[in-house]
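Participant: In the working numbering, each number is its position in the sequence shown, counted from 1, plus 5. C-beta: ideal position from N, C-alpha, C; glycine also. Below you'll find the structure I mean.
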Amino acid sequence: MQHGKVVVALAFALQLAVACGGPDEPAGRGEAFRDKSVDTHAAALVNGAPHSGHPAVGELFTQNTVCTATLVGARTVVTAAHCVNNTAMYFEVDGQRYDVAVKHPHPGYISGASTITDDVAVVILAKAPSVMPMSLWSGAPLPGAQVTLVGFGRTSADVADGGTKRIGFRTISKLEPSELVYEGSIGGLPNLCFGDSGGPTFANVFGQDMQTGIHSYVSSQPWQAKCGTRGHDMRVDRYLPWIRSKAGADLFVDGIGPDLVAPEVKILTPAPGPLSASSAVVLRAQATDNVGVDRVEVFVDAALHTTLNNAGPNYQLELSKLAVGQPLTIKVVAYDAANNQAESSISITVEPPTPPPAPPEKTPPPEEAPPPPTAGDPSKPGAKPSPPSSGGEQPPAAPGGVNAAPEQPETNSESGVYKIYGGCSAAGPGADARPLAVPLALLLLLARRRRRHRRRV
Numbered sequence: 006m007q008h009g010k011v012v013v014a015l016a017f018a019l020q021l022a023v024a025c026g027g028p029d030e031p032a033g034r035g036e037a038f039r040d041k042s043v044d045t046h047a048a049a050l051v052n053g054a055p056h057s058g059h060p061a062v063g064e065l066f067t068q069n070t071v072c073t074a075t076l077v078g079a080r081t082v083v084t085a086a087h088c089v090n091n092t093a094m095y096f097e098v099d100g101q102r103y104d105v106a107v108k109h110p111h112p113g114y115i116s117g118a119s120t121i122t123d124d125v126a127v128v129i130l131a132k133a134p135s136v137m138p139m140s141l142w143s144g145a146p147l148p149g150a151q152v153t154l155v156g157f158g159r160t161s162a163d164v165a166d167g168g169t170k171r172i173g174f175r176t177i178s179k180l181e182p183s184e185l186v187y188e189g190s191i192g193g194l195p196n197l198c199f200g201d202s203g204g205p206t207f208a209n210v211f212g213q214d215m216q217t218g219i220h221s222y223v224s225s226q227p228w229q230a231k232c233g234t235r236g237h238d239m240r241v242d243r244y245l246p247w248i249r250s251k252a253g254a255d256l257f258v259d260g261i262g263p264d265l266v267a268p269e270v271k272i273l274t275p276a277p278g279p280l281s282a283s284s285a286v287v288l289r290a291q292a293t294d295n296v297g298v299d300r301v302e303v304f305v306d307a308a309l310h311t312t313l314n315n316a317g318p319n320y321q322l323e324l325s326k327l328a329v330g331q332p333l334t335i336k337v338v339a340y341d342a343a344n345n346q347a348e349s350s351i352s353i354t355v356e357p358p359t360p361p362p363a364p365p366e367k368t369p370p371p372e373e374a375p376p377p378p379t380a381g382d383p384s385k386p387g388a389k390p391s392p393p394s395s396g397g398e399q400p401p402a403a404p405g406g407v408n409a410a411p412e413q414p415e416t417n418s419e420s421g422v423y424k425i426y427g428g429c430s431a432a433g434p435g436a437d438a439r440p441l442a443v444p445l446a447l448l449l450l451l452a453r454r455r456r457r458h459r460r461r462v
């Protein structure tokens, strides 16, 4: 098989194990530089058969290597340390690609060392694949135990047929403190070849395949074939404590797996659509999980706004400093302890506040014409004051008001004083004397003539 970075140990007078080539020995898909005394690719399967099972076994890609790797948790993958480098990496399984978020090569692995040890790595994916993980086995395998080898490598060192998942069945030849050793490929026995580094060896435990080895390298004598002579795995039971320290709770061990059920999350408020900037934008969300919610992250247009660490299930947050007048995406992501996650999002637009309406213009009331001046009102221009009353009450106003016909004047023949009542001509306080002046003068003149006439008679 052609995928992955392979280590080949060559021996001359005595056997010498040689590590993978460094960055100055780039390789294509499982191809090595034949002018080197070492090969730069991981082991793959000799005498393996094409295989469509074990969906959790996939390929791990970097810029210059391809390895085999196994999903053993929701996002946890185990592989060989020499398959991990500082370039961008992704894991392809079940026809889908998943970016690698975190890489953990074992600190004891030294690239280029003469003796290969601690060739184990854990990588954490950015997103959980939709396939069921395999389980690691904590037990120590036994020599002679039947095992299953799976990988994407070549079937021979000289045949570039890597890239196909293959399977083979054989027994463990030798058990070393940190390794499983497979001797020979005579009689159709499968063994490792270039391209299967990081791949799994499974033991059947109570009817279930569990990973007991991680493919690492091949070794041979100078006169022997590079592939099919001797294959080496790192023992899972030996490195399980370190693997746990990097994977945390996201790990299947002895058939018991992590929590794979994602939380449920929904946004209660605000409702999608336009919102007024004049009022606070209050986010209310609800998140639940079968085990428990670990944290909730709130994003505004893909930028992390807030992390809420309480267990919920109800969360409330006032969103401040939101951009006004443009569409925004509010996303809430809930995580559980196994890093399963679920999200809910809405689109809103914060509208600028509506200015208050302008007050209506006040129209001044029309000017009222001043009332005509009345007799006896000194505040009115041209009004003449009424003569003071001689005492006693004023006679009552004539019935009928101002339009009533005037009554006949009452005369006092002795004094020559005429009293006129009724209508607007009634004398007294407040009455205007000007309308009575002419008739009164005529009456006085008439009275004087009568007196003269009497005197003459």
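#1: Kindly give me the distance between the Cβ atoms of residue 267 and residue 347, rounded to whole angstroms, as I take these residues to be in contact under 8 Å.
#2: Compare the Cα-Cα distances from residue 261 to each of 444, 158, 323 and 137 and report the closest residue.
#3: Taking Cβ positions only, does residue 241 come closer than 8 Å to chain C?
#4: Please check the pair residue 340 and residue 300, which I expect to be a contact at CB under 8 Å, by giving their CB distance rounded to whole angstroms.
#5: Could you check how far apart the C-beta atoms of residue 72 and residue 278 are, in whole angstroms? I think they sit under 8 Å.
#6: Based on DSSP bridge pairs, tell me the residues matched to residue 208.
#7: Kindly identify the DSSP beta-bridge partner or partners of residue 239.
#8: For residue 325 and residue 286, I'd like the C-alpha separation in whole angstroms.
#9: If you compare alpha carbons, which of 171, 218, 209 and 170 is closest to residue 181?
#10: Please classify residue 450: does DSSP put it in a helix, a strand, or coil?
#11: If you draw a straight line from the alpha carbon of residue 75 to that of residue 293, how long is it in whole angstroms?
#12: Rounded to a whole number of angstroms, what is the C-alpha to C-alpha distance between residue 197 and residue 259?
#13: What's the gap between the Cα of residue 117 and the Cα of residue 60?
#14: Among 122, 57, 302 and 247, which has the Cα closest to the Cα of residue 99?
#15: Run through DSSP, which three-state label would residue 246 get?
#16: Would you call residue 212 buried or exposed, if buried means 16 or more other Cβ atoms sit within 10 Å of its Cβ?
#17: Would you mind reading off the limits of the beta strand (DSSP E) that contains residue 340?
#18: What is the DSSP secondary structure of residue 444, counted as helix, strand or coil?
#19: In whole angstroms, what is the alpha-carbon distance linking residue 145 and residue 123?
#20: Would you identify the three-state DSSP class for residue 310, choosing helix, strand or coil?
#21: Would you mind sorting residue 319 into buried or exposed? The rule is 16 or more other CB atoms within 10 Å of its CB.
#22: For residue 374, count the other beta carbons within 10 Å of its own beta carbon; 16 or more makes it buried, fewer makes it exposed. Which is it?
#23: In terms of alpha-carbon separation, which member of 175, 236 and 189 lies closest to residue 208?
#24: Find the nearest neighbour of residue 242 within the set 183, 173, 87 and 93, judged by alpha-carbon distance.
#25: Among 153, 364 and 224, whose alpha-carbon lies nearest the alpha-carbon of residue 119?
#26: Assuming residue 93 and residue 126 make a contact with CB atoms under 8 Å, what is their CB distance in whole Å?
#27: Helix, strand or coil for residue 179? Go by DSSP, reduced to three states.
#28: Measuring CB to CB, does residue 240 end up less than 8 Å from residue 185?
#29: What is the rounded straight-line gap between the Cα of residue 206 and the Cα of residue 335?
#30: How about residue 311 and residue 303: are their beta carbons less than 8 Å apart?
#31: Once DSSP output is grouped into helix, strand and coil, what is the label at residue 421?
#32: When the Cα of residue 133 is compared with those of 317, 80, 62 and 344, which residue comes out closest?
#33: Straight-line CA distance for residue 365 to residue 357?
#34: Quick check on the DSSP output: the beta strand (DSSP E) that includes residue 106 runs from which residue to which?
#35: Give the straight-line distance between the Cα atoms of residue 280 and residue 314, rounded to the nearest whole angstrom.
#36: Out of curiosity, what's the CA-to-CA distance linking residue 121 and residue 238?
Facilitator: Well, looking at it:
#1: Indeed, because the Cβ distance is near 5 Å, the residues count as touching under 8 Å.
#2: The residue with the shortest Cα to Cα distance from residue 261 is 137.
#3: Note that chain C does not occur in the displayed structure, where there is just one protein chain.
#4: That belief holds up - the Cβ atoms of residue 340 and residue 300 are roughly 5 Å apart, short of 8 Å.
#5: About 49 Å; that fails the 8 Å criterion.
#6: Paired residues: 152 and 215.
#7: Beta-bridge partners assigned by DSSP to residue 239: 184 and 219.
#8: One alpha carbon belongs to residue 325, the other to residue 286, and they sit about 7 Å apart.
#9: The candidate whose alpha carbon is nearest that of residue 181 is 218.
#10: DSSP, read as helix, strand or coil, puts residue 450 in helix.
#11: So the alpha carbons of these two residues sit roughly 30 Å apart.
#12: Pairing residue 197 with residue 259, the inter-Cα distance amounts to about 25 Å.
#13: Take the alpha-carbon of residue 117 and the one of residue 60: they are about 32 Å apart.
#14: The alpha carbon of residue 99 has as its nearest neighbour, out of 122, 57, 302 and 247, the alpha carbon of 57.
#15: Helix at residue 246.
#16: Answer is exposed; the Cβ neighbour count stays below 16.
#17: Per DSSP, residue 340 belongs to the beta strand (DSSP E) from 332-341.
#18: Of the three classes helix, strand and coil, the one that applies to residue 444 here is helix, per DSSP.
#19: Here the C-alpha atom of residue 145 lies approximately 17 Å from the C-alpha atom of residue 123.
#20: If DSSP states are grouped into helix, strand and coil, residue 310 belongs with the strands.
#21: By the neighbour-count criterion, in which a residue is buried when 16 or more other Cβ atoms sit within 10 angstroms of its Cβ, residue 319 is exposed.
#22: Classified as exposed, residue 374 has fewer than 16 neighbouring CB atoms from the shown chains inside 10 Å of its CB.
#23: Measuring from the Cα of residue 208, the nearest candidate turns out to be 175.
#24: It is 183 whose Cα lies nearest to the Cα of residue 242.
#25: Of 153, 364 and 224, the residue nearest in Cα terms is 224.
#26: That pair is no contact at about 16 Å.
#27: Correct three-state label for residue 179: strand.
#28: In contact: residue 240 and residue 185 (Cβ atoms closer than 8 Å).
#29: Rounded to whole angstroms, residue 206 to residue 335 spans 45 Å at the Cα level.
#30: In this structure, residue 311 places its C-beta atom within 8 Å of the C-beta atom of residue 303.
#31: Interpretation of residue 421 is limited by its pLDDT of 49, a score under 50 that renders its predicted location unreliable; the figure taken from the coordinates is listed afterwards. Reduced to three states, the DSSP call for residue 421 is coil.
#32: The residue with the shortest Cα to Cα distance from residue 133 is 80.
#33: One C-alpha to the other measures close to 24 Å.
#34: It spans 101-110 - the beta strand (DSSP E) in which residue 106 sits, taken as one unbroken run.
#35: Their backbone Cα atoms lie some 28 Å apart in a straight line.
#36: Their backbone Cα atoms lie some 11 Å apart in a straight line.
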